[in-house]
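If you count by full-length UniProt numbering, then the sequence shown holds residues 1 to 301, one letter each, in order.
Notes for the one structure printed next.
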Amino acid sequence: MSAGKMMRRIVNPDGVDFDKVGVNEAEELHAQTYGLCSDKLMQFAVVFSALIHDVDHTGLTNAELDKMRAPVASAYRHKSIAEQNSVDVAWTVLMDGRFKDLRACIYTNEQELARFRQLIVNAVMATDIADKELKKLRESRWDQAFAESAPVAALDMDQIDSDRKATIVFEYIIQASDVAHTMQHWHTYQKFNRRLFEERYLAWLNGHAGEEDPSLSWYQGEIGFFDFYIIPLARKLEKCGVFGVSSDEYLNYAKENRKEWEIKGRGLVEEMLESCREKYNNILEGSEEHFREEDEDFIDM
């Protein structure tokens with residue numbers, strides 16, 4: 001479930017060929033998807049944002065970068081550090097002379113350029129799910145746009161601006177693509193969960209991820225991630241109504257993966273831990289030697 005796949009399911013809902021449908025049907029589909037199905041710039045922005053949202057990522061969280069007093073932390077005023085850095089690095093590359101032809105395909109005037117950049121910034125910032133203020137703002141906007149009192153099809157489009165809905169759905173698509181492995185087949189989920197575990201374990205070995213071995217909380221952390229973020233996100237994708245029957249796939253996979261992780265997760269954590277210990281044995285030995293030296297210094301005192 002890549003960002004491109006999700007956008008195709010909006011652009012081409014239920015196999016509809018937009019080149020063959022009538023004007024009235026095209027307008028109805030346009031309204032049903034809040035304009036996403038016919039907004040080419042936004043469609044490309046989704047895929048481009050998914051491509052660049054982790055550019056130059058160090059494997060460390062924003063909190064860890066801040067604690068380390070990394071130069072980028074102060075440069076971005078301690079807010080969405082990695083995300084802002086990714087946007088700036090990717091944008092600098094895009095503006096390089098080598099990509100003049102690509103830029104000409106993306107936008108044709110200053111207004112389109114400004115809108116494209118705003119879409120990219122909004123999308124990448126939406127992947128900072130640890131920022132409580134941003135999370136609260138997104139939740140508030142969602143509640144205002146998709147009222148619980150009526151199904152999406154019955155909402156008065158004169159009262160709730162379609163562009164605002166499109167922007168909200170756009171941001172949630174990016175969030176979903178950022179954690180897409182959790183809403184796909186179990187084997188895909190496990191493949192990327194292992195990679196993330198290794199990244200966090202290596203950060204811990206290098207002294208950048210707190211004092212506690214991440215394996216100690218990984219099992220329960222994944223369950224909490226499914227319960228409080230992944231499954232609610234999948235339900236939002238279902239509720240917004242732009243994916244049709246495809247939205248069931250995301251939610252069902254998320255629930256099934258959560259269920260299977262609850263059964264198999266503890267054993268898998270042990271396997272991942274053993275694999276990392278074998279792979280990074282030299283770092284582990286160095287860490288143990290460091291702690292022994294600290295203990296000896298303490299005894300000498």
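C-beta: ideal position from N, C-alpha, C; glycine also.
Since the model is a prediction, treat every value here as computed from it, not as a measurement.
May I have the straight-line CA-CA distance separating residue i from residue j, to the nearest angstrom?
i    : j    : result
R141 : H187 : 34 Å
M272 : F197 : 7 Å
V152 : Q175 : Unreliable positioning characterises V152 in this predicted model, as indicated by a pLDDT of 49, which lies under 50. The coordinate reading is nonetheless provided below. Cα-Cα distance, rounded: 21 Å.
A150 : F243 : For A150, the predicted structure reports a pLDDT of 46, less than 50, and the residue's modelled location is therefore unreliable. A value from the coordinates is still provided. The alpha-carbon atoms of A150 and F243 are separated by roughly 18 Å.
S247 : Y253 : 10 Å
L155 : M183 : With a pLDDT of 48 at L155, under the threshold of 50, the modelled position of that residue is not reliable, and no figure is offered here.
I52  : V87  : 7 Å
A75  : Q43  : 31 Å
N282 : L205 : 10 Å
A104 : T92  : 16 Å
Q84  : M95  : 16 Å
Under 8 Å Cβ to Cβ from residue i, same chain only, skipping five residues before and after it: list those, please.
i    : result
L65  : T58, V72, A73, I81 and A82
S229 : The sequence shown places Tyr at residue 229, rather than the Ser named in the question. Within the same chain, Y229 has close Cβ partners I129 and V179.
Y280 : Y201, L202 and L205
Output needed for residue i: all residues of its chain with C-beta closer than 7 Å, excluding positions within five of it in sequence on either side, in chain order.
i    : result
D158 : Confidence at D158 is low in this model, with a pLDDT of 49, below 50, so its placement is unreliable and the value that follows should be read with caution. There are no such residues.
F200 : Sequence check: residue 200 is Arg here, not Phe. Same-chain partners within the cutoff: A209 and P214.
L237 : Y172, A176, F243, S247 and Y250
Pull up the CB-CB distance for residue i and residue j, whole angstroms please, since I reckon it's below 8 Å.
i    : j    : result
V47  : A3   : 5 Å
E171 : A126 : 4 Å
L60  : F116 : Not a contact, Cβ separation roughly 29 Å.
R258 : F226 : 4 Å
I168 : A45  : That pair is no contact at about 14 Å.
S217 : G35  : At roughly 42 Å, the Cβ-Cβ gap does not stay under 8 Å, so S217 and G35 are not in contact.
F146 : K239 : 6 Å
Would you mind reading off the limits of the alpha helix (DSSP H) that contains residue i?
i    : result
V179 : Where V179 is concerned, there is no enclosing alpha helix (DSSP H), given that its DSSP letter is neither H nor E.
R194 : W186 to L205
V124 : E110 to M125
M68  : No alpha helix (DSSP H) contains M68, which DSSP labels as neither H nor E.
T92  : I81 to L94
R258 : S246 to K279
C105 : K100 to I106
F146 : Counting along the chain, F146 falls outside any alpha helix (DSSP H), and DSSP gives it neither H nor E.
Y219 : S215 to F225
I52  : K40 to I52
A234 : I231 to K239
Skipping 5 residues on each side, what residues in its chain have a beta carbon closer than 6 Å to that of residue i?
i    : result
H181 : T188, Y189 and F192
Y107 : L113 and F116
A123 : S49 and I174
T33  : I10 and V242
M6   : I173
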